[in-house]
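Numbering (our numbering), first residue to last: 7 to 610.
Backbone N, C-alpha and C define an ideal beta-carbon position, used for all residues, glycine too.
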Amino acid sequence: MASPFAVVTVNGVSATQAVTLGANPTNLSIVITAEDGVTTKTYTVAITQLPVFDAATSVNIEYLVTESINGTILADVLVGTNAENGTAFGYTDANGKVTLSTPKTDAGITSMKDGYAANTLQIADASAVTSAVLVNQHLGMITKEAAPVMANIALIAKTADLSDLAPYTGTAIDTNGPTFLVVIAGGTYGCAPTAWSGFGAKLDFGRTPTTFNGIEGVMMAEPEWDAGNGMYLTYFLFDLSDIGMPAGTQDVRIVAYDVANNRGEYRTPIIFNYNPGGVDISAGTFKAFKVDLRNFPVSRGYFGETNSSTMALNQYEGRDTSYRASIEFKFQEAATTTNVAITGFDVYRSTDNVTFVKIGSQIYGAPNSGSLSAPPNADVDGVHTYFDTDSRLVMDGSTIYYYKIVAINGSFTNESSVGQCYLSAPFSYNLSAPLNRATMSAAAPHNYSFTISNTSLWNASQSDFFCFSLKIREKSGTWKFIGQFRYNFSTAAFQIKYGNGSWFTLADFGLAPADITYADGTITIKAAVLDSANVNWALGGAMAYQNGVAYQWDITGDSDVLGGGGHPAWFEKTTSGGLSRTYGNGYNEGGDAMNGLFEFNVIN
């Protein structure tokens with residue numbers, strides 16, 4: 007307990023008096039003199055004052071921190087800028103959010119958390135910004151620490167050989183003819199595309215560059231050490247030659263990653279003066295418009311590697327979650343399948359189907375008729391795709407998101423109807439019988455059972471289908487049984503997928519309704535199903551057990567062995583213009599049951 011006779015002074019003044027703070031930081035010398043009047047202890051403390059909110063120069067921004075684009079939220083993340091300059095800082099709450107007073111111009115925000123790479127967001131004009139997402143990836147290389155990454159547009163050239171490279175001063179840009187921007191990315195480590203990290207640097211308009219979108223910068227040389235700034239600098243070249251832009255100011259965004267997943271994002275408004283007039287597209291029609299929202303039981307690690315195998319969500323059962331939100335459509339002549347070219351499109355989203363907010367754009371810069379396969383295929387060609395990389399969507403199975411598209415060709419536009427969808431609630435599933443490491447008889451019939459955690463999904467209002475596969479193989483690797491099944495909620499019956507891709511009832515295979523059952527979260531596949539030769543895709547014959555052989559079994563969704571995507575089991579629901587799908591929380595990158603694989607031995 008503190009002694010009532012001890013004496014405390016602050017900067018030589020009694021601690022009972024107020025202390026005037028000077029410029030940030032103010033160093034305070036605190037001296038404690040013991041009651042003997044002789045023994046002293048001195049402490050030096052640096053005090054930094056938080057800024058007083060000034061509406062003329064600052065804006066309150068809500069920051070959400072996630073571990074990847076559309077990934078799991080991160081709590082207890084330190085968010086702020088240079089404390090010595092008195093800029094506000096704070097920690098994210100349990101929902102991954104913190105609101106900070108932020109300068110309206112040239113704002114710089116850094117987020118840091120142990121075990122995660124750093125993220126720096128630079129906003130040239132934050133006056134109209136109310137919220138922003140910060141992405142702190144898992145550290146890409148364990149031998150390197152988190153360190154901020156900075157990026158900005160440094161140079162511009164209007165000749166193909168870059169002979170007129172000059173500093174970019176923030177003025178309007180005319181992209182008619184050769185146009186090149188040079189972005190400098192700097193940090194403690196070199197910024198470069200790597201197998202274990204992000205994409206080096208990307209640029210996009212009106213949306214954050216990610217795995218799915220953005221113009222990829224060409225690294226002009228290996229990162230070089232700048233002793234004066236104490237960092238590695240990497241120069242990335244972006245070719246914007248002849249890109250036609252909509253009239254007005256564009257929100258240009260650049261994202262750069264270093265080799266340890268440290269991330270820097272830079273946003274700046276730029277006016278582009280090359281605005282081709284375009285052609286009238288009022289006769290065009292939107293077709294095959296679909297909103298596809300899928301949530302996954304693992305972090306997909308979306309950030310930059312092109313075609314990565316690996317979107318903001320709370321953990322489910324202690325595991326990271328993520329989602330992917332895509333919008334697809336074709337734009338064609340009304341009476342034919344002829345694609346109508348557009349130079350880009352804007353995407354709008356709403357939660358009430360009344361007030362729509364523009365969430366991003368796809369700017370092609372030239373007439374574009376959508377995807378094109380080789381050889382051409384009218385069924386799949388002509389598709390335009392947009393990925394909603396906003397990490398603030400809610401995965402609760404009830405919040406409906408409405409989307410619409412405005413197609414653009416120069417100064418002409420055409421607006422779509424509205425598609426709607428929602429992110430289903432998460433679930434997991436576990437193998438239950440036969441037990442792991444069980445011993446079984448070859449002569450006895452064997453049923454297979456597994457359980458699902460979220461039984462609220464098992465109703466027609468939430469789901470159209472529940473899709474799953476039973477896979478059995480010898481431990482040595484030889485497949486012995488693969489059957490694909492689904493529960494059809496409209497008919498309240500299980501179905502079996504045949505080799506031709508069609509679905510059939512159990513009766514079509516000579517099976518009874520009781521041969522596959524659901525009760526209180528448990529699904530059971532009876533031995534009779536495995537005895538049906540046409541159910542078994544692996545061998546085209548009945549399942550046959552051999553004495554002395556060890557087997558492994560598991561439940562998945564579709565089967566990569568049969569050319570599927572190797573997904574875990576899933577629930578799906580078709581909405582008006584949309585598809586919602588939720589994959590089970592799995593063990594092996596989401597591909598197996600949460601507690602799979604299970605193993606059993608067969609004896610006499």
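Just how far apart, CA to CA, sit Gly-416 and Ala-372?
-> On the sequence shown, position 410 is the one that residue 416 refers to. On the sequence shown, position 366 is the one that residue 372 refers to. Whole-angstrom Cα-Cα distance: 9 Å.
Please list, in chain order, all residues of the same chain as Thr-136 whose beta carbon is under 6 Å from its beta carbon, the five residues on each side excluded.
-> Position 130 of the sequence shown holds residue 136. Excluding residues within five positions, none has a Cβ falling inside 6 Å.
Does DSSP put Glu-90 in a helix, in a strand, or in coil?
-> By 1-based counting over the sequence shown, the position of residue 90 is 84. Only weak support exists for where Glu-90 lies, its pLDDT of 40 falling under 50; the value from the coordinates is given anyway. Glu-90 falls in the helix class under three-state DSSP.
Does the ligand ATP have even one heavy atom less than 7 Å from the beta-carbon of Gln-501?
-> Judged by which ligands are present, the structure shown has none, so any question about the ligand ATP falls away.
At what residues does the alpha helix (DSSP H) containing Leu-536 begin and finish?
-> On the sequence shown, residue 536 is found 530 positions in, with the first residue counted as 1. Where Leu-536 is concerned, the enclosing alpha helix (DSSP H) stretches over 533-536.
Can Val-188 and Leu-243 be called in contact, C-beta distance under 8 Å?
-> Here the question's residue 188 lines up with position 182 in the sequence shown. Here the question's residue 243 lines up with position 237 in the sequence shown. A contact, by the Cβ cut-off of 8 Å.
Count the other CB atoms within 10 Å of the CB of Arg-273; is the residue buried (16 or more) or exposed (fewer)?
-> Locating residue 273 in the sequence shown gives position 267, where the first residue counts as 1. Buried, by the Cβ-count rule.
Beta-carbon contacts of Arg-300 that lie in its chain and below 6 Å, excluding the five residues immediately before and after = Here residue 300 refers to the residue found at position 294 of the sequence shown. Here the set comprises Arg-330 and Arg-587.
Within its chain, find whatever has a CB closer than 6 Å to the CB of Val-424; leave out the 5 residues flanking it on each side and keep chain order.
-> Residue numbering aside, residue 424 sits at position 418 when the sequence shown is read from its first letter. In its chain, beyond the 5 residues on either side, Tyr-408 and Lys-410 have a beta carbon closer than 6 Å to the beta carbon of Val-424.
Classification of Lys-119 by the beta-carbon crowding that lies within 10 angstroms, buried from 16 upward = Within the sequence shown, residue 119 is the residue found at index 113, counting from 1. So Lys-119 counts as buried.
Does the beta-carbon of Glu-73 have 16 or more other beta-carbons within 10 angstroms, so that it is buried, or is it exposed?
-> Taking the sequence shown and counting its residues from 1, the one referred to as residue 73 is at position 67. In summary, Glu-73 is buried, with 16 or more beta-carbon neighbours lying within 10 Å of its beta-carbon over all protein chains present.
Buried or exposed by the 16-neighbour rule on C-beta atoms within 10 Å, applied to Pro-154 = Your numbering for residue 154 matches position 148 in the sequence shown. A residue is called buried when at least 16 other Cβ atoms come within 10 angstroms of its Cβ; Pro-154 meets this threshold and is buried.
Looking at Tyr-370 and Ser-332, is the spacing between their C-beta atoms short of 8 Å?
-> Along the sequence shown, one-based indexing puts residue 332 at 326. Along the sequence shown, one-based indexing puts residue 370 at 364. Contact: no.
Could I get the ranges of all uninterrupted alpha helix (DSSP H) runs contained in the region 166-231, with 4 residues as the minimum, in chain order?
-> Listed in chain order, the alpha helix (DSSP H) elements of length 4 or more contained wholly in the region 166-231 amount to none.
Quick check: the region 450-461 against the region 531-547, are there 3 or more CB pairs under 8 Å?
-> Counting C-beta pairs closer than 8 Å gives three or more between the region 450-461 and the region 531-547, which meets the contact rule.
Would you kindly report the start and end of the unbroken beta strand (DSSP E) that includes Pro-373?
-> The sequence position of residue 373 within the sequence shown is 367, counting from 1. Note, Pro-373: beta strand (DSSP E), 363-374.
Spatial neighbours of Leu-441 in its chain, beta-carbon cut-off 8 Å, leaving aside the 5 residues before and after | Counting from 1 along the sequence shown, the entry for residue 441 is found at position 435. Contacts found: Phe-604 and Phe-606.
Residue closest to Asp-99, alpha-carbon to alpha-carbon, out of Thr-111, Lys-110 and Asp-82 = Walking along the sequence shown from the start, residue 99 turns up at place 93. Here the closest residue by C-alpha is Asp-82.
Sort out for me which residues DSSP pairs Gln-128 with in a bridge.
-> Locating residue 128 in the sequence shown gives position 122, counting from the first residue. According to DSSP, Gln-128 bridges with Gly-114 and Tyr-272.
What are the start and end residues of the beta strand (DSSP E) that includes Leu-463?
-> Counting from one through the sequence shown, the residue named residue 463 turns up at place 457. Note, Leu-463: premise wrong, no beta strand (DSSP E); not H, not E.
Would Ser-475 pass as a contact of Asp-564 if the rule is Cβ separation under 8 Å?
-> Your numbering for residue 475 matches position 469 in the sequence shown. Your numbering for residue 564 matches position 558 in the sequence shown. Result yes, Cβ atoms of Ser-475 and Asp-564 sit closer than 8 Å.
Is Ile-502 closer than 8 Å to Phe-510 when the C-beta atoms are compared?
-> For the purposes of this step, residue 510 is taken as residue 504 along the sequence shown, with counting starting at 1. For the purposes of this step, residue 502 is taken as residue 496 along the sequence shown, with counting starting at 1. Their beta carbons are under 8 Å apart, which means Phe-510 touches Ile-502 by this criterion.
Alpha-carbon spacing of Val-224 relative to Phe-337, whole angstroms | Translated into the one-based positions of the sequence shown, residue 224 becomes position 218. Translated into the one-based positions of the sequence shown, residue 337 becomes position 331. Taking the straight line from one Cα to the other gives about 32 Å.
For Ser-434 and Gly-590, believed in contact at Cβ under 8 Å, the rounded distance | Indexing the sequence shown from 1 puts residue 590 at position 584. Indexing the sequence shown from 1 puts residue 434 at position 428. Right, their Cβ atoms sit about 6 Å apart.
With a 10 Å radius around its C-beta and 16 neighbouring C-beta atoms as the bar for buried, classify Met-226 as buried or exposed.
-> Translated into positions along the sequence shown, residue 226 becomes position 220. Residue burial is scored here from C-beta neighbours: Met-226 has fewer than 16 other C-beta atoms within 10 angstroms and is therefore classed as exposed.
Contact belief for Val-346 with Ile-287 at Cβ below 8 Å, rounded distance in angstroms = Counting from one through the sequence shown, the residue named residue 346 turns up at place 340. Counting from one through the sequence shown, the residue named residue 287 turns up at place 281. About 6 Å; that satisfies the 8 Å criterion.
Is the Cβ-Cβ distance between Cys-427 and Leu-585 less than 8 Å?
-> Indexing the sequence shown from 1 puts residue 427 at position 421. Indexing the sequence shown from 1 puts residue 585 at position 579. The Cβ atoms of Cys-427 and Leu-585 lie closer than 8 Å to each other.
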